[in-house]
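This report refers to the structure that appears directly beneath it.
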Amino acid sequence: SVTLAELNALDADSTQVSIALSATSVADGATIATEVQFKDAAGVALDHVVAFDWYISSVSTGLALDAAITTVADGGAGAITGVYTAHQSGKAVTDATGLCDLDLTEAGADVIYLVVVSPDGRITVSGSMTFAA
């Protein structure tokens, strides 16, 4: 059997991710800033650094890579610590508040999604970002 204290401890270990976008539609060549915020089970921003994987998807389910993104760059908070596939996927870390800013720039017309892979393997997909020609 499981005690209430054990259930509460497991719940406290659950991590959530939110992705905020500075815009949902811009001209090609423009940049959309994204804020990736890791939170605890109660929705409160974490008070420690989190390492996570990210990739750019062409579909809202996050099940396909998008090869057209021109630039994924550090946006301020946190840092990109490695790139697996140039402008498609990589590893990043948050700052001490669980926040990581990534700037996405597209040189052509495209619709993309930022996908964050949590340390436990769950994915969170951003809203659509449209770069109009």
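Following our numbering, the numbering of the sequence shown begins with 6 at its first residue and continues without gaps. We treat Cβ as the ideally placed atom computed from N, Cα and C, and that holds for glycine. Computed from a prediction, not measured in an experiment: that's the story for all the values here.
With distances taken between CA atoms, A112 lies nearest to A32 out of I128, A101, Q21 and A32.
Using a Cβ distance threshold of 9 Å, V41 and S23 count as a contacting pair. In the displayed model, L9 falls within a helix according to three-state DSSP.
Secondary structure of L70 (DSSP, three-state): strand.
Taking M134 as reference, the option from A97, A25 and G80 with the minimal CA-CA separation is A25.
Cβ-Cβ distances below 8 Å link I128 to G67, V120, V121 and V122 in the same chain, with the five nearest sequence neighbours on each side left out; the list follows chain order.
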